[in-house]
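Residue numbers (the working numbering), protein chains in the order written: chain V, 86 to 143; chain D, 31 to 131; chain E, 10 to 118. Structure record follows, encoded as structure tokens.
So this is what it looks like as structure tokens:
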């Protein structure tokens, strides 16, 4: 399963742990932070629909 | 039929992200539904909230809106778009992807 | 957005699993209402309270929690006090991750 993790703010220890545990068995994990760097929103839309599952963390 | 993107807005912190994502998804030809609930209804009062009008189907939790002491018309939101949590359940079942802001 | 039904023991399971995560005390009541509102005929809801003890358990929260239980929702928490005082099922973060893996939709609220 391809999973996209979107981070709206800097992840705390709980979110980091959950993503790490989930990543252990996922075929492909992509992490997209929104709070730092430049976000390519058009590409993000493509990524959202290209992944099997999307989790938009806090 | 276009891909459908559902966005639940339950926080008052991320309107900028919601607008950016909505504009990009709209440009990509996606159908977009946004439901504002809880603290998210406070974003309806922001000056840039109107940037969402016409790009997405907007709904607002009526209970949350009234509980926040809000009233009046909103750009892009019809009277019948003030709804209940059932709108969120419908959005969950009908959208291809579902995000939370 | 959900995968096709799973076939197990000859039975078709069409139930969709939704996990609602609540990490902030400020969101605990709205998160419960959201969890309740997400119920449909073919949906299983797991409400997971992370890292904090449910606070200000007023009548409205209590009533909604009882309604949530009547709807066969699952209440899970990694905070032991929620298990001991309020009847939540206890799970570690690793066990919660396993549940999220099995969920069709994860809603961090």
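A virtual CB, placed ideally from N, CA and C, is assigned to each residue, including glycine.
For residue 127 of chain D, the pairing in a beta bridge is given by DSSP as D:35. Annotation: residue 86 of chain D is outside any alpha helix (DSSP H) and is labelled neither H nor E by DSSP.
Burial is judged here by how many other beta carbons sit within 10 angstroms of a residue's own beta carbon; residue 127 of chain V has fewer than 16 and is exposed. Residue 57 of chain E is bridged by DSSP to E:30, E:85. Per DSSP, reduced to three states, the secondary structure at residue 42 of chain E is helical. Closest in C-alpha terms to residue 85 of chain D, from the list D:128, D:110, D:53, comes D:53.
Close partners of residue 47 of chain D in chain E (Cβ separation under 9 Å) are lacking, with about 14 Å as the shortest Cβ gap. A direct Cα-Cα distance of roughly 26 Å separates residue 88 of chain V from residue 87 of chain D.
When Cβ pairs closer than 8 Å are counted between the two stretches, the segment 103–114 of chain D is seen not to touch the segment 128–139 of chain V, the count staying below three. Counting C-beta atoms within 10 angstroms of its own C-beta, residue 97 of chain D has fewer than 16 neighbours from the protein chains shown and is therefore classed as exposed. Bounds of the alpha helix (DSSP H) holding residue 72 of chain E are 68–79. Within chain D, 40, 130 have C-beta atoms less than 7 Å from the C-beta of residue 118 of chain E, given in sequence order. Neighbourhood of residue 91 of chain E in chain V, by CB distance below 9 Å: empty, with the nearest CB roughly 15 Å away. The alpha helix (DSSP H) runs of length 4 or more contained entirely in the segment 43–86 of chain D are, from start to end of the chain, 45–57. Looking at the DSSP output, residue 142 of chain V bridges to V:92.
In the three-state reduction of the DSSP assignment, residue 110 of chain E falls in the helix class, which pools H, G and I.
The shortest CA-to-CA distance from residue 93 of chain D to any of E:73, E:39, E:53, E:28 is the one to E:39.
If you look at residue 113 of chain V, you'll find it in the beta strand (DSSP E) that goes 113–118.
At a C-beta separation below 9 Å, residue 67 of chain D has these neighbours in chain E: 39, 42, 43, 46. As the crow flies, the alpha-carbon of residue 92 of chain V is around 6 Å from that of residue 119 of chain V. Think of a sphere of 8 Å around the beta carbon of residue 51 of chain D: the chain V residues whose beta carbon falls inside it are 126, 129, 130, in chain order.
Between residue 75 of chain D and residue 100 of chain D a beta carbon distance of about 7 Å is seen, short of the 8 Å cut, so the two are scored as contacting. In this chain, residue 100 of chain E is not harboured by any alpha helix (DSSP H), its DSSP state being neither H nor E.
With fewer than 16 other CB atoms across the displayed protein chains lying within 10 angstroms of its CB, residue 116 of chain V is exposed. With its beta carbon less than 8 Å from one in chain E, residue 115 of chain D belongs to the interface.
Against chain D, the CB of residue 139 of chain V has a partner CB under 8 Å away; the residue lies at that interface.
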